[in-house]
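In our numbering, the protein residues as written are 8 to 168.
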């Protein structure tokens with residue numbers, strides 16, 4: 008398990024720093040996801056979307072960016088659109104710490120549940136979500152592409168998990 012992780016929200020940064028973090032996220036995003044699934048982490052996420060949060064993880068306060076997440080809040084529900092840990096830092100507890108941070112933050116904000124979609128074939132991601140209390144609710148054939156089923160998962164934050 009890695010120590011000295013710094014977990015922050017891009018909205019706590021000034022514009023130049025936020026743009027730099029978003030550009031680092033974009034580089035990791037393009038290396039990790041197929042082009043059709045890469046999210047455009049542009050400046051508008053910092054400027055215009057108050058219900059959208061980009062959380063990022065660095066090693067110590069000034070270290071390299073190693074993980075990030077993107078979620079959207081709508082009343083009592085949150086929709087987790089992206090969770091990514093840079094390949095060199097996987098299986099070291101980074102994803103668990105990031106998920107715990109998000110869960111705690113959303114509970115404090117009065118959120119009741121978190122929804123996400125995950126590719127059935129992404130076993131490490133599914134395992135991370137299950138270890139964090141998410142339950143698989145529905146399966147949709149060919150959701151991502153032919154032969155790539157999607158699984159809807161939900162975390163009930165009111166259960167205290």
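Beta carbons are placed, not taken as given, at the ideal position from N, Cα and C, and that holds for glycine.
Whole-angstrom C-beta distance between residue j and residue i, which should lie under 8 Å
{"i": "residue 44", "j": "residue 29", "result": "That pair is no contact at about 18 Å."}
{"i": "residue 14", "j": "residue 62", "result": "6 Å"}
{"i": "residue 159", "j": "residue 144", "result": "5 Å"}
{"i": "residue 113", "j": "residue 121", "result": "6 Å"}
For residue i, the first and last residue of its enclosing alpha helix (DSSP H)
{"i": "residue 54", "result": "51-54"}
For residue i, the three-state DSSP class (helix, strand or coil)
{"i": "residue 136", "result": "helix"}
{"i": "residue 142", "result": "strand"}
{"i": "residue 80", "result": "strand"}
{"i": "residue 129", "result": "coil"}
{"i": "residue 168", "result": "Residue placement at residue 168 is poorly supported in this model, since its pLDDT is 46, which falls under 50; the coordinates still yield a value, given next. DSSP places residue 168 in coil when its eight states are reduced to three."}
{"i": "residue 40", "result": "coil"}
{"i": "residue 23", "result": "helix"}
{"i": "residue 105", "result": "helix"}
{"i": "residue 9", "result": "coil"}
Same chain, Cβ closer than 8 Å to residue i, five either side skipped, listed in chain order
{"i": "residue 135", "result": "90, 102, 103, 106"}
{"i": "residue 82", "result": "none"}
{"i": "residue 37", "result": "45"}
{"i": "residue 203", "result": "There is no way to answer for residue 203, as the model of the chain reaches only from 8 to 168."}
Run of the beta strand (DSSP E) containing residue i, from where it starts to where it stops
{"i": "residue 97", "result": "Taken as a continuous stretch (DSSP letters only), residue 97 belongs to no beta strand (DSSP E), as it is neither H nor E."}
{"i": "residue 46", "result": "Here residue 46 belongs to no beta strand (DSSP E), and DSSP marks it neither H nor E."}
{"i": "residue 62", "result": "59-66"}
{"i": "residue 16", "result": "12-16"}
{"i": "residue 157", "result": "155-163"}
Own chain partners of residue i with C-beta closer than 7 Å, once the 5 adjacent residues on each side are dropped
{"i": "residue 78", "result": "60, 85, 86, 87, 88, 109"}
{"i": "residue 166", "result": "none"}
{"i": "residue 92", "result": "73, 74, 101, 102"}
{"i": "residue 67", "result": "11, 13"}
beta-carbon residue i near the ligand NAP non-hydrogen atom, thresh 8 Å
{"i": "residue 36", "result": "Ligands in the displayed structure: none, and consequently the ligand NAP is not present."}
6 Å Cβ shell around residue i - same chain, five flanking residues per side excluded
{"i": "residue 32", "result": "48, 75"}
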